[in-house]
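As numbered in our numbering, residues 351 to 499 make up the sequence shown, in order. Below: the structure, in structure tokens.
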Amino acid sequence: MQKAALLTQIKDAMKARDKVRLSILRQINQAIKQIEVDQRREVTEADVDACTKKLLKVTREELDALNKADAQSHADRIADLFQQADILSSLLPTQLEGAALAQQIDELIDSLQATTKRDMGKLMGALSKQTNGNFDKPAAAAYLGSKLV
């Protein structure tokens with residue numbers, strides 16, 4: 351998502367009075383502004399996606415921690431975190447998974463002539479470059495583990 355699209359979504363969330371979505375979009379916008387100030391450059395679409403992924407990761411980690419704790423006393427917070435995670439996931443580009451991911455990995459194995467598990471890091475790096483990191487990493491690692499000796 352580009353910065354202009356983010357600002358448009360913020361305005362739409364304000365008009366719709368969607369407080370949860372607005373809060374999340376503002377968090378992403380604040381992270382983007384921090385990048386602009388710290389690094390003195392314009393943000394790219396990859397920066398916006400990275401900020402969104404980082405917020406999603408933090409939200410999921412908090413959700414996991416609360417699930418391990420007493421769920422009864424944190425039921426409202428858990429529901430809020432699920433809603434936030436859904437919103438953040440919807441803001442990210444679709445991830446490559448399933449058959450499309452397997453096909454991409456097979457093509458990479460052929461092109462890089464990878465045969466052993468030692469080549470796994472090279473393959474994951476190449477896959478990350480091709481897809482801009484938008485793939486199911488655990489599934490890719492499992493598939494690579496089964497394909498390589």
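Cβ coordinates follow ideal geometry from the N, Cα and C atoms, glycine included.
Contact under 8 Å by Cβ, residue i with residue j
i, j, result
"Val393", "Ile378", "no"
"Leu357", "Met364", "no"
"Leu498", "Asp469", "yes"
"Phe485", "Leu446", "yes"
Top-ranked residue by Cα proximity to residue i, from the options
i, options, result
"Ala500", "Ser373, Ala489, Glu395, Ala429", "This structure does not reach residue 500, given that the chain is present from 351 up to 499, and the question cannot be answered."
"Leu494", "Gln384, Ile455, Arg410, Asn482", "Ile455"
"Arg410", "Leu438, Arg391, Ala425, Val370", "Leu438"
"Met351", "Ala400, Leu462, Lys418", "Ala400"
Length of the line joining the Cα atoms of residue i and residue j
i, j, result
"Asp414", "Gln434", "14 Å"
"Ala450", "Val408", "28 Å"
"Glu386", "Val398", "11 Å"
"Thr402", "Glu457", "29 Å"
"Val370", "Ser423", "21 Å"
"Ala464", "Glu412", "38 Å"
What ranges does the alpha helix (DSSP H) occupy inside the region 353 to 425, keeping only unbroken runs of at least 4 residues that lie completely in it? 353 to 366, 369 to 389, 395 to 418
For a minimum of 4 consecutive residues, which ranges assigned as the alpha helix (DSSP H) are wholly contained in the region 418 to 492? 425 to 441, 448 to 462, 470 to 481
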